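Residue numbers (this note's numbering): 683 to 770. Worksheet: one structure, shown below.
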Amino acid sequence: MPRRSGDHDVQTAYHRRSPYQVGDCVKGLSYVAPEDRSREQPQEITGQVVQIGAGWAGVDADRAYVWVRLANGRERQALVRDIQRVEP
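Next up, the structure:
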């Protein structure tokens with residue numbers, strides 16, 4: 683039986699996985715930290731997931747992110763909630 687912390691299933695939260703995999707094609711908005719928004723704004727992006735970031739254990743799931751490689755070779759960070767999978 684999984685350990686429980688209050689009403690939260692600890693084992694389920696620990697094993698939560700990213701809805702994206704390296705190689706998936708995605709589109710959406712890039713992430714810009716609030717403290718950087720005076721000099722940079724989120725942009726529409728389309729590219730390939732190249733790295734899965736933090737947020738999958740439920741601790742900071744609201745900030746779960748991936749890194750996306752754009753057609754020009756640059757990489758941008760994107761929150762999972764701000765992107766969607768597209769056909770290549």
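Built from N, CA and C at the ideal position, the CB exists for glycine as well. In this text the structure is predicted, and so the values were computed from the model without any measurement.
Item                                                                                                                  : Value
With DSSP collapsed to three states, give me the class of Arg751.                                                     : strand
Please report the distance separating the alpha-carbon of Gly735 from that of Glu769.                                 : 22 Å
Tell me the rounded alpha-carbon separation between Asp744 and Ile765.                                                : 14 Å
Where Arg751 and Val714 are concerned, what is the direct C-alpha to C-alpha distance, given to the nearest angstrom? : 16 Å
So for Glu717, helix, strand or coil by DSSP?                                                                         : helix
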